[in-house]
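Take a look at the structure below.
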Amino acid sequence: MIIPIRCFSCGKEIASRYKPYLELLEKGESAKEAFKKLGLERFCCQRMIVGHVDLIDDLLKFPRLQ
Ligand SMILES: [Zn+2]
């Protein structure tokens with residue numbers, strides 16, 4: 005859905021780094037370099053970004069069921 009604001013394990017703020025991370029990957033950098041540039045060194049924070057599937061734009065196409 006939406007990227008969580010903070011890492012579930014350590015509480016570090018990660019949401020602001022999700023888009024820059026995707027932009028760095030588009031520029032052709034490896035995930036390891038991108039994490040280093042964004043200051044995400046712990047595996048717990050890295051898994052938050054790697055494991056995220058951004059579905060919110062796909063789900064907004066459907067109407068609410070009530
Ligand atoms: Zn963390």
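Mapping of the sequence shown onto this note's numbering: residues 5 to 70, in sequence order. C-beta: ideal position from N, C-alpha, C; glycine also. As the structure is a prediction and not an experimental result, all values here were calculated from the model.
Is the CB of residue i under 8 angstroms away from at least one CB in chain C?
i	result
L29	The structure shown contains no chain C; it holds only a single protein chain.
Is residue i a contact residue of ligand 1, with contact defined as CB to any heavy atom under 7 angstroms?
i	result
R46	yes
K16	yes
S13	yes
Near residue i, what residues of its chain come up, given a Cβ to Cβ distance below 7 angstroms and the 5 sequence neighbours on each side ignored?
i	result
Q50	F39, L44
Quick one: grab the DSSP three-state call for residue i.
i	result
E33	coil
R68	coil
E45	coil
Under 8 angstroms by Cβ, that's how I've got residue i and residue j pegged, so tell me the actual separation to the nearest angstrom.
i	j	result
P8	M52	6 angstroms
K36	L28	Between L28 and K36 the Cβ distance is about 11 angstroms, and since that is not below 8 angstroms, they are no contact.
Output the distance between the C-alpha atoms of residue i and residue j, rounded to the nearest integer angstrom.
i	j	result
R10	R68	28 angstroms
F66	V57	18 angstroms
Cutting at 8 angstroms between CB atoms, please list the residues of its own chain near residue i, excluding the five before and the five after it.
i	result
I18	I7, P8, I9, R10, C11, L44, C49, M52, I53
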